[in-house]
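Its first residue numbered 1, the sequence shown is counted upward by one per residue in this note's numbering.
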Amino acid sequence: MGSRERKRAERHKRKTRRDPDAPAAPGGDNGDEEAAAAGPPQPPSRSELKNEAAREALVPLAQGERPRVVTIGAVLSACIAVSVVGAYAFGLTVDGKHPPVVQILVPTLLMGMMAYGMWRARYWAVLGFQVLLVFLILSAALGLTRATSTTQAAATGLLLLGAGALFYFMVRAMARIQMPERLPRDR
Numbered sequence: 001m002g003s004r005e006r007k008r009a010e011r012h013k014r015k016t017r018r019d020p021d022a023p024a025a026p027g028g029d030n031g032d033e034e035a036a037a038a039g040p041p042q043p044p045s046r047s048e049l050k051n052e053a054a055r056e057a058l059v060p061l062a063q064g065e066r067p068r069v070v071t072i073g074a075v076l077s078a079c080i081a082v083s084v085v086g087a088y089a090f091g092l093t094v095d096g097k098h099p100p101v102v103q104i105l106v107p108t109l110l111m112g113m114m115a116y117g118m119w120r121a122r123y124w125a126v127l128g129f130q131v132l133l134v135f136l137i138l139s140a141a142l143g144l145t146r147a148t149s150t151t152q153a154a155a156t157g158l159l160l161l162g163a164g165a166l167f168y169f170m171v172r173a174m175a176r177i178q179m180p181e182r183l184p185r186d187r
């Protein structure tokens with residue numbers, strides 16, 4: 001919807017909410033904002049009522065509590081970090097070459113920090129892990145289209161289902177973790 005149509009629709013809404021017996025504001029549409037503010041408040045929509053009920057049903061995490069799916073994600077992240085270092089230490093090669101240390105250090109630090117953050121139930125760590133899960137889901141979906149055998153398609157499908165389920169349950173856990181409130185800075 002273009003800007004002009006949106007403004008026209010907003011103007012129409014304001015005019016229909018205005019009391020028909022009230023005198024028109026001098027100068028045309030200048031009093032539309034005042035008329036809209038003076039009108040009766042609109043009741044909340046059904047979707048807003050459902051959202052409010054869902055927010056009230058959430059139980060915040062207790063001190064030191066961690067959702068089970070976040071614990072699973074922390075363990076997976078730690079296992080990935082340890083396996084990358086272990087593979088490098090045992091001399092595994094990629095295309096016949098030993099990878100540079102930077103290519104080992106970056107994913108190890110990333111997964112290690114994510115494991116630590118999820119173990120402490122930090123919002124940023126869960127969000128970062130979900131980003132990695134999205135990339136894994138997209139890669140698995142694309143890999144499923146290029147599967148050449150039934151075994152390969154089944155394994156890729158299982159990976160897709162597992163990553164999707166983990167992502168879904170992490171969304172629910174993030175709602176309980178809650179984004180920390182930022183305090184205003186003193187200048």
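From the three backbone atoms N, C-alpha and C, an ideal C-beta is built for every residue, glycine too.
Residue i (DSSP reduced to helix, strand or coil)
i: V94; result: strand
i: T108; result: helix
i: E65; result: coil
i: A121; result: coil
i: Q152; result: helix
Exposure label - residue i; buried when at least 16 CB within 10 Å
i: L133; result: buried
i: P43; result: exposed
i: A62; result: exposed
i: G117; result: buried
Span of the alpha helix (DSSP H) around residue i
i: T148; result: Segment: none, T148 is in no alpha helix (DSSP H) and carries neither H nor E.
i: V59; result: Premise fails: V59 is in no alpha helix (DSSP H) and is neither H nor E.
i: S77; result: R68 to A89
From the options, residue whose alpha carbon lies closest to that of residue i
i: G73; options: A165, Q178 and A175; result: A165
i: V84; options: F129, T156, L109 and V171; result: L109
i: A173; options: R8, A125 and K50; result: A125
i: G143; options: T156, P107 and F135; result: T156
i: R120; options: T71, E56 and R11; result: T71
i: Q178; options: P67, E48 and A140; result: P67
Stretch-stretch touch, CB-based, cutoff 8 Å, three pairs: the stretch 131 to 150 with the stretch 86 to 99: For the pair of segments examined, the stretch 131 to 150 was found not to touch the stretch 86 to 99: the number of CB pairs separated by less than 8 Å stays below three.
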